[in-house]
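Let me begin by presenting the structure, written as structure tokens, before commenting on it.
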Amino acid sequence: MSARLHAGPGRALEIAAAWLLGFLWLFPLLYAVWAAFHPSQAAIRFDVFSPLTLDNFARAWSLAPFDRYFFNTFVLVTLILVVQLVLCTLAAYAFARYEFFGKNVAFALVLLQLMIMPEILIVENYRTMSALGLVDSILAIGLPYMASAFGIFLLRQTFKTIPKELEEAARIEGCTDLMILWKVFVPLARPTYLAYGLVSISYHWNNFLWPLIITNSVTTRPLTVGLAIFGAPESGVDWSVISAGTLMAVAPLLVAFLLFQRQFVQSFMRAGIR
């Protein structure tokens, strides 16, 4: 009984701290929603009786080429994700099912990539893109990220959980290695692909520093860079319009996460180290 009494206040404190942290995390988004749907003069007054408006979204769309930014971002994240899925699937299958000389060393080198921050390689990446003549192109933004150590690790862990009996049965039916990969491993790893796809899309949708450095024109800038230029102080600070632009930029990610949050969480719970 005394243990329960001592645990009660501690549990209540943990819950209160979790709610506080959750509110602090959501506050910028809540403020952006408030400011985006209210006139500029009401953005910082928090008057519940102030009128609602959609003019801020129309103004934001007209003041910056958001249609081009959305198109560039969509092409970028799609290109990166497609190449990542192909490369990570092949590499993960090799690490999970094949035995070859230096396998453990090679996998350790792949994991080593997880410990290297992308920002450390910006100078070398820029030199490489310049030597290839790819500066100020969408391909230059995505090329350094197309081989994902995280994707290889996540898919390898999933592939290792697939029973070998299924693979042997497919071989008896006359399937080649690629057919086994496509017909057995890929379908069973679908939740992992979904979770990884959400992670990849959200990361590259929000990536800012590398696209800022490698792009110079509207024709290649993604949303994050375009939004930063749109909200720069020299362009004039109107928090309602800036908040409307921010909501337009993050809305696709919020909708995707709300639709697939259950599969997203369950996939990472099943992808533990085995």
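Position in the sequence shown (first residue = 1) + 65 = this note's numbering. Idealized CB from N, CA, C, for every residue including glycine.
- [ ] Specify, as a first and last residue, the run of the alpha helix (DSSP H) that Gln149 falls within.
- [x] The residue labelled residue 149 in the question sits at position 84 within the sequence shown. Secondary structure note for Gln149: its alpha helix (DSSP H) is the uninterrupted segment Phe131 to Arg162.
- [ ] Go through its chain and collect everything with a Cβ distance to Ser305's Cβ below 7 Å, but skip five positions before and after it.
- [x] As a working mapping, residue 305 is identified with position 240 in the sequence shown. Cβ contact annotation for Ser305 (same chain, cutoff 7 Å, sequence separation greater than five): Ala100, Ala101, His103, Pro104, Ser105, Ala108 and Asn121, in chain order.
Open item on the list: Below 8 Å on the Cβ atoms is my contact criterion, and I expect Ile294 with Tyr191 to pass it. Report the Cβ-Cβ distance as a whole number of Å.
Closed with: As a position in the sequence shown, residue 294 is number 229, starting the count at 1. As a position in the sequence shown, residue 191 is number 126, starting the count at 1. About 20 Å separates the two Cβ atoms, so there is no contact after all.
- [ ] Can you check the region 172-249 for any alpha helix (DSSP H) of at least 4 residues that lies completely inside it and give the ranges in chain order?
- [x] 187-197, 203-207, 214-225, 229-237 and 242-245
Open item on the list: One question on the structure: do Thr311 and Ala97 come within less than 8 Å of each other, judged by their Cβ atoms?
Closed with: Counting from 1 along the sequence shown, the entry for residue 311 is found at position 246. Counting from 1 along the sequence shown, the entry for residue 97 is found at position 32. For Thr311 and Ala97, yes; Cβs fall inside 8 Å.
Task: Phe122 - containing alpha helix (DSSP H), residue span - done: Translated into the one-based positions of the sequence shown, residue 122 becomes position 57. Element bounds for Phe122: Asp120 to Leu128.
Open item on the list: Taking contact to mean 3 or more Cβ pairs, one atom from each stretch, closer than 8 Å, check whether the region 249-263 and the region 211-222 are in contact.
Closed with: yes
- [ ] For Val175, decide whether its Cβ has a neighbour in chain D, counting only Cβ atoms nearer than 8 Å.
- [x] Given the protein chain composition of this structure (a single chain), no chain D is represented.
TODO: Report yes or no: do three or more beta-carbon pairs, one from the region 198-212 and one from the region 226-235, lie closer than 8 Å?
DONE: no
Open item on the list: If I follow the unbroken alpha helix (DSSP H) through His269, where does it start and stop?
Closed with: Taking the first residue of the sequence shown as 1, we reach residue 269 at position 204. Here the alpha helix (DSSP H) through His269 covers Arg255 to Asn271.
TODO: Closer than 6 Å by C-beta to Cys153: which residues in its own chain qualify, once you throw out the five before and the five after it? Chain order, please.
DONE: By one-based count along the sequence shown, residue 153 stands at place 88. Same-chain partners within the cutoff: Ser213, Gly216, Ile217 and Leu220.
Task: Rounded C-alpha distance that separates Glu79 from Leu277 - done: Along the sequence shown, one-based indexing puts residue 79 at 14. Along the sequence shown, one-based indexing puts residue 277 at 212. Answer to the nearest angstrom: the Cα atoms are 40 Å apart.
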